[in-house]
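Read the structure below first, then the notes.
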């Protein structure tokens, strides 16, 4: 979803007469609300619906969604995700439906649900692909510079340290995308020597347990309780710096213009790494494990190493 923020900014700039409503999975609905260019957020429950597709409550929810989408006189719908599930959702809403053509899309079958299809090269970052698709659909050419469009200042959550802090985003969707715990500890100890506190969020039970283990080995580090996305966005927005693995929160920190060092061990940062900010850098790649020294070097370059 963070990769779609620049599209909203582009549309606001080039087609200011258009209002933008965003259909989004309910558990992530707080994220589109961060962008001032989104008029309305419409939550859906695809993950929950898949578990009980034929239940009465699921059928009722889908009917309500169809009613909501058809009640508003939309001019078109645009599918940036390019998956079968998102394409199916588009059939509940207005026509024309726009999306990628079969050669451009992640799941080619999804393209058959669109009324108009656009060719966008796969050999570019996801942000660039999204921006190009929207530009082709709406008749403009995006600028080279990237603007995620988020407010420069989010409210500071209560209870944050008064001294500068660094956020470690250690949780990710697959074990092979994780950075080894001993490296987190070594980096955290070196950051503590600079006078900074390390904050360790955790979403799942396993992530919170890891956060507790790491905090127990890093001076002054704090394992955070489970936080909602709005609060976590505020934590990231006020961080002195962020070090994170391949997770959406690393991209969110980039969109919030924080110094970010993103660590990749099993995926290609060229396609989906942090992007569009001179304050964010990718390290590693498939089969690679960035070193602590490499992370420190980048934090120094980003002016995020010393607590000043």
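In the working numbering, the protein residues as written are 37 to 344. Here a beta-carbon is modelled for each residue, glycine too, at the ideal position from N, C-alpha and C. The structure displayed is predicted, hence computed values, not measured ones.
Taking the alpha-carbon of residue i as reference, which of the options has the nearest alpha-carbon?
| i | options | result |
| --- | --- | --- |
| residue 232 | 342, 332, 318, 273 | 342 |
| residue 330 | 319, 324, 75 | 319 |
| residue 51 | 333, 166, 177, 327 | 177 |
| residue 230 | 208, 59, 257 | 257 |
| residue 203 | 294, 99, 47 | 294 |
| residue 324 | 53, 209, 337, 304 | 304 |
| residue 126 | 183, 149, 84, 246 | 149 |
| residue 201 | 62, 308, 271 | 271 |
| residue 173 | 228, 264, 46, 142 | 46 |
| residue 121 | 236, 315, 61, 199 | 61 |
| residue 336 | 276, 219, 90 | 276 |
| residue 117 | 147, 72, 89 | 147 |
| residue 212 | 309, 95, 321 | 321 |
| residue 243 | 222, 340, 262 | 262 |
| residue 44 | 154, 169, 184 | 184 |
| residue 161 | 317, 309, 327, 328 | 309 |
In whole angstroms, what is the alpha-carbon distance linking residue i and residue j?
| i | j | result |
| --- | --- | --- |
| residue 82 | residue 226 | 43 Å |
| residue 260 | residue 186 | 24 Å |
| residue 171 | residue 135 | 12 Å |
| residue 278 | residue 156 | 32 Å |
| residue 167 | residue 113 | 15 Å |
| residue 163 | residue 40 | 7 Å |
| residue 296 | residue 70 | 19 Å |
| residue 192 | residue 273 | 8 Å |
| residue 199 | residue 252 | 19 Å |
| residue 95 | residue 221 | 48 Å |
| residue 123 | residue 266 | 28 Å |
Are the beta-carbon atoms belonging to residue i and residue j less than 7 Å from one another?
| i | j | result |
| --- | --- | --- |
| residue 311 | residue 282 | no |
| residue 144 | residue 138 | yes |
| residue 313 | residue 333 | no |
| residue 132 | residue 151 | yes |
| residue 80 | residue 59 | yes |
| residue 207 | residue 239 | yes |
| residue 228 | residue 255 | yes |
| residue 317 | residue 219 | no |
| residue 77 | residue 65 | yes |
Report, in whole angstroms, the separation of the C-beta atoms of residue i and residue j, which I expect to be a contact under 8 Å.
| i | j | result |
| --- | --- | --- |
| residue 285 | residue 205 | 5 Å |
| residue 97 | residue 75 | Not a contact, Cβ separation roughly 22 Å. |
| residue 250 | residue 217 | 7 Å |
| residue 102 | residue 67 | So it is not a contact: roughly 24 Å between Cβ atoms. |
| residue 298 | residue 280 | 6 Å |
| residue 338 | residue 315 | 6 Å |
What does residue i pair with, by DSSP beta-bridge criteria?
| i | result |
| --- | --- |
| residue 202 | 234, 277 |
| residue 41 | Per DSSP, none; premise fails for residue 41. |
| residue 61 | 80 |
| residue 154 | 136 |
| residue 320 | 300 |
| residue 330 | Answer is none; residue 330 lacks a bridge partner. |
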